Amino acid sequence: MTLRWMGFVENVGSVTTVHSAVSRAGHSVQWFTELNDMLKELSSAQGAVVFLKTSLAYDVYELCREMSLTYPYVAIILLVPAEELDLKKAMHTGAVDAIALPPQEQEVIQAVREAENSVRLKMARILTNTSRVQKEDGRVLTVCGTKGGVGKTTITVNLAVAFSKSNLKVAVLDLDLQFGDVAILFDSQPKRTIYEWIKEEYEYSRRNLDRYMIHHSSGVDILPAPLRPEFADVVTGEHVRIVIAKLRREYDLVLVDTPPFLVETGLVALDNSADILLITSVDLPTLKNSKLCIETLEALGMKDKIKVVLNRDTKVEGITQEMIENVLGMPIYSRIPSEGKVVVASVNKGIPFVLSHSRSAVAKSVFSFAAKLRANQGLVKKTSQKSMLSRVFSR
Ligand SMILES: Nc1ncnc2c1ncn2[C@@H]1O[C@H](COP(=O)(O)OP(=O)(O)OP(=O)(O)O)[C@@H](O)[C@H]1O
Ligand SMILES: [Mg+2]
1 MTLRWMGFVE NVGSVTTVHS AVSRAGHSVQ WFTELNDMLK ELSSAQGAVV FLKTSLAYDV
61 YELCREMSLT YPYVAIILLV PAEELDLKKA MHTGAVDAIA LPPQEQEVIQ AVREAENSVR
121 LKMARILTNT SRVQKEDGRV LTVCGTKGGV GKTTITVNLA VAFSKSNLKV AVLDLDLQFG
181 DVAILFDSQP KRTIYEWIKE EYEYSRRNLD RYMIHHSSGV DILPAPLRPE FADVVTGEHV
241 RIVIAKLRRE YDLVLVDTPP FLVETGLVAL DNSADILLIT SVDLPTLKNS KLCIETLEAL
301 GMKDKIKVVL NRDTKVEGIT QEMIENVLGM PIYSRIPSEG KVVVASVNKG IPFVLSHSRS
361 AVAKSVFSFA AKLRANQGLV KKTSQKSMLS RVFSR
């Protein structure tokens, strides 16, 4: 597949630095000063990376949104003066990246790489979906840890995006039913949640779930926790069992976030999971708690599914990996470093750090964690022509 490189600007002279940086990355951009001329070219292109520069004449974010909905094979990079740059808005409107003007060469090269990967993945998704039929159900991974604040939600959200970036169709089910904040970490304000699904569908023997999911621009779909803590009691283990079964049919991977205690709904998720990601950290109260959690899961016959994840991994005087593994009686499967600056910045922006700070140490560790899980579990893409295509086209 040959990618086309195009750009829409009012004045070609204003993007010479971008042009030469892209050339140095090995590509030649064809610039258009008339939008229609570019769109004509685009409609016959197999795959394309498009630069859109801000202008007083149009709203570049709105243009980006429309183009990403109309052209599924396109990755859009915005060119915006540094003082006007709104990365969050850019991502919401479907851009793969936004470069602050005047541009840094390294930034352009990085954006070019991201865009190339993104458009190739989109193509691969569409091609696989239309050519392969696979009946297998998706895999369920439940993230747990019986200590508050160990990083369950942070890891769930970023792992979900990392998997989605590697071309899997991913759903996140927020089972922290009272205080779930998965939607917030995706900067989404849901109107419908699992609670509305129960009230509007389940109780009328209808089961349509898609309407209740948030379709995030990262590719991850989210079934949020109820909007009010008192609605949590409505959700039962049976609801969770049905929701998970439905999600497994539609998605390659279902990631479930849970509260810091074991309740019936969470236990149903654990029971239906292929893997249990137990999040812990290098402090004694948490390790003790994790040990108890492992013992409980062992008593429930689920120990084999546990993978221990050491979050906020920092060197602590006198504590070695061997000591931690001895306390837990299990090996550590993955280690995620502590990187408060990046994590907090990402939470405040409402953009998972694997997107907003993809080159940070913490993001890299999540990518390797996802790759390890994927390699070990033989996670495969499933195909559901209707839903996948409609997803790509509805972005
Ligand atoms: N690797 C990390 N480095 C730095 N800060 C982190 C890291 N992981 C999580 N945090 C921070 O720790 C806090 C708790 O994280 P998070 O909400 O993900 O935990 P949780 O286990 O889901 O909590 P709860 O049990 O309350 O649901 C957050 O402020 C988050 O930003
Ligand atoms: Mg949480």
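When we follow the UniProt record's numbering, the leftmost residue of the sequence shown carries the number 1, and every step to the right adds one. Every residue gets a Cβ at the ideal spot worked out from N, C-alpha and C, and that includes glycine. None of the values given here were measured: they were computed from a predicted structure.
Proximity of residue i and residue j at Cβ, strictly below 8 Å
i: residue 398; j: Ile-332; result: The first residue shown for the chain is 1 and the last is 395, placing residue 398 beyond what the model contains.
i: Ile-214; j: Ser-188; result: yes
i: Asp-59; j: Val-172; result: no
i: His-239; j: Tyr-212; result: no
i: Val-80; j: Ala-98; result: yes
i: Glu-114; j: Val-96; result: yes
i: Lys-53; j: Val-22; result: no
i: Cys-64; j: Leu-78; result: yes
i: Ile-306; j: Leu-300; result: no
i: Val-343; j: Val-316; result: no
i: Leu-255; j: Val-143; result: yes
i: Ser-166; j: Ala-370; result: yes
i: Leu-328; j: Ile-294; result: yes
i: Val-108; j: Val-29; result: no
i: Phe-186; j: Gly-350; result: yes
i: Thr-146; j: Leu-292; result: yes
i: Tyr-73; j: Gln-46; result: yes
Exposed unless 16 or more other CB atoms sit within 10 angstroms - verdict on residue i
i: Asn-208; result: exposed
i: Asp-210; result: exposed
i: Val-112; result: buried
i: Val-12; result: exposed
i: Asp-37; result: exposed
i: Gly-340; result: exposed
i: Ala-82; result: exposed
i: Pro-229; result: exposed
i: Ser-390; result: Because the pLDDT at Ser-390 is just 31, under 50, the model does not fix this residue reliably, and the value given afterwards should be weighed accordingly. Label assigned to Ser-390: exposed.
i: Asn-326; result: exposed
i: Gly-7; result: buried
i: Glu-250; result: buried
i: Asn-158; result: buried
i: Asp-304; result: exposed
i: Lys-372; result: exposed
i: Leu-69; result: exposed
i: Gly-318; result: exposed
i: Thr-314; result: exposed
i: Pro-259; result: buried
Per-residue DSSP class, three states only, for residue i
i: Ser-368; result: helix
i: Lys-53; result: strand
i: Ile-222; result: strand
i: residue 420; result: Residue 420 lies beyond the range of the chain shown here (1 to 395); nothing can be said about it.
i: Gln-321; result: helix
i: Leu-389; result: Caution is warranted here: a pLDDT of 21 is assigned to Leu-389, below 50, making its placement in the model unreliable, and the coordinate value is therefore given only provisionally. Helix, per DSSP.
i: Pro-229; result: helix
i: Ala-124; result: helix
i: Met-38; result: helix
i: Thr-17; result: helix
i: Pro-72; result: coil
i: Ser-205; result: coil
i: Ala-171; result: strand
i: Gly-340; result: helix
i: Asp-210; result: helix
i: Leu-278; result: strand
i: Ala-299; result: helix
i: Tyr-251; result: coil
i: Phe-353; result: helix
i: Lys-315; result: coil
i: Ala-183; result: helix
i: Asp-271; result: helix
i: Ala-45; result: coil
i: Asp-304; result: helix
i: Leu-85; result: coil
i: Val-263; result: coil
i: Gln-110; result: helix
i: Arg-335; result: strand
i: Val-235; result: coil
i: Leu-141; result: strand
C-beta neighbour in chain B for residue i, strict 8 Å
i: Lys-122; result: Going by chain labels, chain B is absent from the structure shown, which holds only one protein chain.
Heavy atom of ligand 3 within 7 Å of residue i beta-carbon
i: Pro-259; result: Ligand 3 is absent from the structure shown, which contains only ligand 1 and ligand 2.
Review point. Is there contact here, the stretch 84-94 with the stretch 102-118, by at least three beta-carbon pairs under 8 Å?
Key: no
Practice item. Could you tell me whether the stretch 147-161 touches the stretch 232-239, where touching means 3 or more Cβ pairs closer than 8 Å? Key: no
Check your understanding: Is the stretch 160-178 close to the stretch 217-228, with three or more CB pairs under 8 Å?
Key -> yes
Check your understanding: When the Cβ atoms of the stretch 182-198 are set against those of the stretch 246-253, are three or more pairs found closer than 8 Å?
Key -> no
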